[in-house]
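Peer 1: Residue numbers (this note's numbering), protein chains in the order written: chain A, 34 to 271; chain B, 8 to 108. All C-beta atoms in this analysis are idealised placements derived from N, C-alpha and C, irrespective of residue type, glycine included.
#1: Would you call the CB atoms of residue 202 (chain A) and residue 170 (chain A) closer than 8 Å?
#2: Show which residues of chain A have a CB atom less than 7 Å away from the CB atom of residue 63 (chain B).
#3: Let me confirm a value: residue 50 (chain A) is counted as buried when at least 16 other C-beta atoms fall within 10 Å, else exposed. Which label applies?
#4: Can you name the start and end residues of the beta strand (DSSP E) that residue 74 (chain A) belongs to?
#5: Cβ closer than 8 Å: which chain B residues qualify as neighbours of residue 45 (chain A)?
#6: Determine the direct distance from the alpha carbon of residue 43 (chain A) to that of residue 120 (chain A), and round the result to whole angstroms.
#7: Go to residue 102 (chain B), then tell me how far its alpha helix (DSSP H) extends in each direction, as first and last residue.
#8: Please identify, using Cβ separations under 8 Å, the residues of the stretch 23-57 of chain B that lie next to chain A, in order along the chain.
#9: Please name the residue in A:191, A:147, A:38 and A:101 whose C-alpha comes closest to that of residue 78 (chain A).
#10: Could you pull the start and end residues of the alpha helix (DSSP H) that residue 29 (chain B) belongs to?
#11: Could you list which residues in chain A have their beta carbon closer than 8 Å to that of residue 106 (chain B), in chain order?
#12: How far does the beta strand (DSSP E) with residue 212 (chain A) in it extend, from its first residue to its last?
#13: Beta carbon of residue 61 (chain B), beta carbon of residue 73 (chain B): below 8 Å?
#14: For chain A, is any of its Cβ atoms less than 8 Å away from the one on residue 66 (chain B)?
#15: Going along chain A, which residues have a C-beta under 9 Å from residue 96 (chain B)?
Here it is as structure tokens:
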């Protein structure tokens, strides 16, 4: 049986580049911790704050599934496929980098910072044609329930990526309890608390804590306070 | 002489250039880029590498050929796939691979 893993918010590595403050759950850039490499296919979980008028200049990626979820503020995306898009809170952006893509992510607001989650998953297929997808899930019902915002299937709810992974977002009232059933047996579930506090199978989690588990039955999630939670179901191998 | 010699195989000129530039920013690391199996074979026969990174464009068949090549002529060399294309993963990937030696 695989071990569950708790990543407290204050145990994350914080990179401060002036224009960018990045709280990184897993090893990234100059930060290397052999105990913090990945959770299954989940390789990057960066909680980024980009100052007003700043952003990530043109840079490449390949063979990685890259998901951005703005929490506050607005990001402008441009890429080498000709996509130009703005993403706001309540939206999710997914890129399959495949055979290679260049992109920029920029905070066009000169005054306000943008906070967003930058999430990377290993793909289950190499060297695919790059693609970009974006979805407004803000009107989807996620009050006291989990709304699916990402899946492996183009015909399923949410954006789709090149991996057997499912993401759900939920906003819960204090004391509300619910359960999550894995979409695929054997997968892992990584719970990230965006706001508030919850318990997951009895494990207490505070804001920005992460908890990875390998459940063999439904996972109980109970809101200890009003809470916003992102669930990331990912395979261990692919 | 560099402490760590890294051969990078990738079929995307700009990304390969980026990866090599990022590797060479690190003191003690030296990157050499090649674009295909034949170039990789030549490099492995004429130089000693600590690590081979298999990047974009290297499919499963090409990866298997490179692994066989390394086993036969450079068994001390660690071969691993590089994901992300010179992204924020590169440095920790290399450190992780070197730690496995």
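Peer 2: Let's see:
#1: yes
#2: 95, 96, 132, 133 and 160
#3: exposed
#4: Looking at the DSSP string, residue 74 (chain A) is not in any beta strand (DSSP E), and its letter there is neither H nor E.
#5: Simply none; closest approach about 14 Å.
#6: 28 Å
#7: 97-106
#8: 25
#9: A:101
#10: 20-31
#11: 67
#12: 210-213
#13: yes
#14: yes
#15: 60, 61, 62, 76, 77, 97 and 153
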